[in-house]
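*Asks:* Per numbering that gives the first Met the number 0, the very first residue in the sequence shown carries number 0; after that it's consecutive.
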Amino acid sequence: MDRRRLLKLLFSLPWSHLFTSLGFAQELTVDSSSLRSAWDALEFSLPTRGTLPGTDKSPQIPAVVIRLAGGMKTEDALFVASRICPHERCELLYFKDPNQLQQIFRVRAENPVLACPCHLSVFDLRQEGKVINGPAPRPPFRFRFRVQGNKLMILGLEEPGR
Ligand code: FES
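Below you can see the structure in the form of structure tokens.
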């Protein structure tokens, strides 16, 4: 099964299956030493333990860690989230420069954002991923994590409502 079909199958699953039944590979460690300045970002894939229905494939969830402005490298200074759009699950893109967002998407933002190329939902990273444009019903799902030196340990999905 090629990557495109695998992603299509992954993104057709209900959210509850995607984030609970599949289960995360616990304590994935990401080397965050490249996140030196505010708004530096690192994309990674979060492996899951389960398999997709009708396959022997374990999906990878596209994710990102972004160092927020003005913070030390602690849990509060990092935004760690899925890059799956909460609308219809296209893969989100990170725009550090809001001017670039405006040039490409024709959407204005004041801050760095995550944005969806499918229906132009935009998520403000200074406001915890608040939706500032488009049809997405909520911010992207965020992950619980722990910082140990330059390592980021992904522990699971955050409780809704954070
Ligand atoms: S899939 Fe992202 S806005 Fe529709």
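Ideal placement from N, C-alpha and C gives every residue a C-beta, glycine not left out.
What's the C-alpha gap between Glu42 and Ile60?
*Replies:* Roughly 11 angstroms separates the two Cα atoms.
*Asks:* On the three-state DSSP scale, how would you describe Pro58?
*Replies:* Note: Pro58 maps to coil in three-state DSSP.
*Asks:* Comparing C-alpha positions only, which one of Cys89, Pro58, Cys117 and Ala76 sits nearest to Arg48?
*Replies:* Checked all of Cys89, Pro58, Cys117 and Ala76; the closest Cα to Arg48 is Pro58.
*Asks:* In whole angstroms, what separates the C-alpha of Ala114 from that of Arg145?
*Replies:* Roughly 26 angstroms separates the two Cα atoms.
*Asks:* Give every residue of the same chain whose Cβ lies closer than 7 angstroms to the Cβ of Leu119, excluding the five residues on either side of it in the sequence, and list them in chain order.
*Replies:* Result list for Leu119: Phe104, Val106, Asn132 and Gly133, in chain order.
*Asks:* If I follow the unbroken alpha helix (DSSP H) through Gln126, where does it start and stop?
*Replies:* That residue, Gln126, is in no alpha helix (DSSP H); it is neither H nor E in DSSP.
*Asks:* Inspect the beta-carbon positions of Phe94 and Val112 and report whether they are closer than 9 angstroms.
*Replies:* Yes, the Cβ-Cβ distance between Phe94 and Val112 is below 9 angstroms.
*Asks:* Ordered along the chain, which non-local residues of its own chain (more than five positions away) have a Cβ less than 6 angstroms from that of Ala29?
*Replies:* The question names Ala, yet the displayed sequence has Val at residue 29. Excluding residues within five positions, the ones whose Cβ falls inside 6 angstroms are Phe43 and Leu151.
*Asks:* Along the chain, where does the alpha helix (DSSP H) containing Ile103 start, and where does it finish?
*Replies:* Residues Pro97 to Phe104.
*Asks:* Measuring only the C-alpha atoms, how far is Asn110 from Gly148?
*Replies:* Their backbone Cα atoms lie some 27 angstroms apart in a straight line.
*Asks:* Is His33 buried or exposed, if buried means 16 or more other CB atoms sit within 10 Å of its CB?
*Replies:* The displayed chain sequence assigns Ser, not His, to residue 33. Classification for Ser33: exposed.
*Asks:* Taking just the CA atoms, how far does Ala108 sit from Ala80?
*Replies:* If I take the Cα positions, the gap works out to 20 angstroms.
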